[in-house]
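Below is one structure, written out as structure tokens; comments come after it.
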Amino acid sequence: MNLTTVAVKNIARNRGRTLLTIVGVTVAILAFVLLRTLLWSWTAAIEQSASDRIGVRHKVTFIMPLPKKYVDEIRQIPGVKAAAYANWFGAKDPKDEGRDFFATMAVEPEELLTVYDEFLVKPAEVEAWKQNRRGALVGDMLAKKKGWKIGDKVVLSGTIFPGEWQFEISGIYTAKRATVDRNSFYFQWKYLNESLPPARQDKVGWVSARIGDAGRSAEICRAIDAKFDDRDVQTLCMSEKAMQASFMGMMSAILKAIDIVSIVILLIMMLVLGNTIAMGVRERTTEYGTLRAIGFVPRHIVLFVVGESLFTSALGGAIGVAVAYPIVNLGIGRYLEENWGQFFAIFRVQPPIALAAFGLALLLGGLAAIIPAYGTTRLNTVAALRRIG
100 MNLTTVAVKN IARNRGRTLL TIVGVTVAIL AFVLLRTLLW SWTAAIEQSA SDRIGVRHKV
160 TFIMPLPKKY VDEIRQIPGV KAAAYANWFG AKDPKDEGRD FFATMAVEPE ELLTVYDEFL
220 VKPAEVEAWK QNRRGALVGD MLAKKKGWKI GDKVVLSGTI FPGEWQFEIS GIYTAKRATV
280 DRNSFYFQWK YLNESLPPAR QDKVGWVSAR IGDAGRSAEI CRAIDAKFDD RDVQTLCMSE
340 KAMQASFMGM MSAILKAIDI VSIVILLIMM LVLGNTIAMG VRERTTEYGT LRAIGFVPRH
400 IVLFVVGESL FTSALGGAIG VAVAYPIVNL GIGRYLEENW GQFFAIFRVQ PPIALAAFGL
460 ALLLGGLAAI IPAYGTTRLN TVAALRRIG
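In my numbering, each residue's number is its place in the sequence shown (first place is 1) plus 99.
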């Protein structure tokens, strides 16, 4: 038996308190992993944005439209290989009374699949979509959730464009990359445009373009903005990564709050663990005095205290990381991917997050033991032996 073994055995002397402390560490680590995974998932689309794609929107705000004629002019800019346009439609499934949200967009089929080549659609389904004015292309996860199949008639209730809109499922897409939302609903822009009053026709929400040289994205964006600089409606062009970041910018306060909360949770865990260790030190003051009297030096006592804290934090951290995988990947993550794929296309615990959580559990376990351990180095042997209770 060595000093480390003795330190570990001391933990079992008050099993109730130790068990509650381990549970507290486990819950804290689980919460930390969940929140950090949420942050990673929310920003994963930004990090994995295509370097050879750019976005063009209204210079003032994303919600203001651009004239449809701008699309053809953008296609003529040197360096632009293809350009696709879209309008956010904002429809809901009346059968779910608006509780089940999914992205709905009016697009031009051929150019969409050229610019976003990560979409995987069968050629026959692409052709059927092009030929059907009311045809729709839906993600496989959305189709599975709704029970839709090729040829089904679907009615959606418009919000931005009020009314009952009828569609027919022409194709179901999957994706090459995990960060692509597979819960979206795309339909022909022409169907939307022809149904609008003249004042609202021939306008698009934004334009996405694929360029030949990713290294020239800034140059091409400047050329596009300069093209419309003297028009009534001016543009703001940026890389896809920057455009994704601008979307997330609207949620920056929430992301920052989640980031802070994840750190606060760990600090609370450290305080709880430190309090448990301090209580154990106070209860064993006489024992430590006896150890000092028979020849143990202060560093031996410090090892007892730090060893207890590290073992408790390591055990709680390991359990927290272990339970995070099924809870996040198979429970919360699956629900978010299936129902909120436009925000959380992939919600899985990443190994770096799991390793960081376990490492922080160990680090904070060591820090929690500093004050109690330091107190034992100042212990007066005679006073400790005389202590009662």
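Positions of the beta carbon are idealized from the N, C-alpha and C atoms, including for glycine.
On a predicted model such as this, the values are computed, not experimentally measured, just so you know.
Could you have a look at Ser150 and say whether DSSP puts it in helix, strand or coil? As a working note, residue 150 is residue 51 in the sequence shown. If DSSP states are grouped into helix, strand and coil, Ser150 belongs with coil.
Pick out whichever of Lys167, Val179, Trp247 has its Cα sitting closest to the Cα of Val214. Walking along the sequence shown from the start, residue 214 turns up at place 115. Closest option to Val214, Cα to Cα, is Val179.
Measure from the alpha carbon of Gly406 to the alpha carbon of each residue in Leu372, Leu435, Ala341, Ile128, then state which is nearest. Residue numbering aside, residue 406 sits at position 307 when the sequence shown is read from its first letter. Closest option to Gly406, Cα to Cα, is Leu372.
What's the C-alpha gap between Thr273 and Leu459? For the purposes of this step, residue 273 is identified with residue 174 of the sequence shown, where counting begins at 1. For the purposes of this step, residue 459 is identified with residue 360 of the sequence shown, where counting begins at 1. Cα to Cα, the separation comes out at about 38 Å.
Answer yes if the region 324-344 comes into contact with the region 124-140, meaning at least three C-beta pairs across the two stretches below 8 Å, and no otherwise. no
I'd like to confirm the pairing. Which residues does DSSP put opposite Leu267 in its beta bridges? The residue labelled residue 267 in the question sits at position 168 within the sequence shown. Reading off the sequence, residue 267 comes out as Glu, not Leu. DSSP lists Gly234, Lys252 as partners of Glu267.
What number of angstroms, rounded off, separates the C-alpha of Gly319 from the C-alpha of Arg156? Here residue 319 refers to the residue found at position 220 when the sequence shown is read from its first residue. Here residue 156 refers to the residue found at position 57 when the sequence shown is read from its first residue. In the sequence as presented, Gly is not what sits at residue 319; that position holds Ile. If you draw a straight line from the Cα of Ile319 to the Cα of Arg156, it is about 14 Å long.
Smallest Cα separation from Leu119: which of Lys194, Thr375, Phe446, Leu435? The count along the sequence shown starts at 1 and reaches residue 119 at position 20. For the residues Lys194, Thr375, Phe446, Leu435, the minimum Cα distance to Leu119 belongs to Thr375.
List the endpoints of the continuous beta strand (DSSP E) containing Asn186. Your numbering for residue 186 matches position 87 in the sequence shown. Unbroken beta strand (DSSP E) run through Asn186: 179-187.
For Trp139 and Ile362, the rounded distance between their alpha carbons: For the purposes of this step, residue 362 is taken as residue 263 along the sequence shown, with counting starting at 1. For the purposes of this step, residue 139 is taken as residue 40 along the sequence shown, with counting starting at 1. Roughly 15 Å between the two C-alpha positions.
In the DSSP assignment, find the unbroken alpha helix (DSSP H) run with Phe457 in it and report its ends. For the purposes of this step, residue 457 is identified with residue 358 of the sequence shown, where counting begins at 1. It spans 450-467 - the alpha helix (DSSP H) in which Phe457 sits, taken as one unbroken run.
Leu409 beta carbon less than 7 Å from that of Gly464: Start at 1 with the first residue of the sequence shown, and residue 464 comes out as number 365. Start at 1 with the first residue of the sequence shown, and residue 409 comes out as number 310. Taking 7 Å as the Cβ cut-off, Gly464 and Leu409 qualify as a contacting pair.
Residues sharing a beta bridge with Phe284, DSSP: Translated into the one-based positions of the sequence shown, residue 284 becomes position 185. Partner residues in the beta bridge of Phe284, as assigned by DSSP, are Thr203, Val237.
Bridge-paired residues (DSSP) for Ala298: The count along the sequence shown starts at 1 and reaches residue 298 at position 199. Beta-bridge pairing links Ala298 to no other residue.
Consult DSSP for Thr136 and reduce its assignment to one of helix, strand or coil. The residue labelled residue 136 in the question sits at position 37 within the sequence shown. Three-state DSSP puts Thr136 in a helix.
Can you list, in chain order, the residues of its chain with a C-beta nearer than 8 Å to that of Ala467? Leave out the 5 residues immediately preceding and following it. Here residue 467 refers to the residue found at position 368 when the sequence shown is read from its first residue. So the qualifying residues of the chain are Met369, Leu370, Leu372, Gly373, Ile376, Ser408, Ser412.
Check each candidate in Leu435, Ile470, Ala472 and name the one with the smallest Cα separation from Thr136. Your numbering for residue 136 matches position 37 in the sequence shown. The closest CA to that of Thr136, considering only Leu435, Ile470, Ala472, is found on Leu435.
Which of the three DSSP states, helix, strand or coil, is assigned to Phe327? One-based indexing of the sequence shown puts residue 327 at position 228. In this structure, Phe327 counts as coil in the three-state DSSP scheme.
Proximal residues to Phe327 (C-beta, below 6 Å), its chain only, five neighbours per side dropped: The sequence position of residue 327 within the sequence shown is 228, counting from 1. Cβ neighbours of Phe327 beyond the five flanking positions: Gln333, Thr334.
Mind checking whether the beta-carbon of Thr334 lies closer than 6 Å to any heavy atom of the ligand SAM? Within the structure as shown, the ligand SAM is missing, as the structure has no ligands at all.
Among Gly474, Ala190, Pro208, nearest to Asn231 - alpha-carbon criterion: For this step, residue 231 is matched to residue 132 along the sequence shown. Comparing Cα positions, the closest option is Pro208.
Nearest CA to the CA of Ile431: which residue from Val279, Ile418, Ala455, Phe446? Counted from its first residue, the sequence shown places residue 431 at position 332. Of Val279, Ile418, Ala455, Phe446, the residue nearest in Cα terms is Phe446.
Suppose you measure from the CA of Ser269 to the CA of Leu366; what does that come to, to the nearest Å? Position 170 of the sequence shown, counted from the first residue, corresponds to residue 269. Position 267 of the sequence shown, counted from the first residue, corresponds to residue 366. Their Cα atoms are separated by approximately 53 Å.
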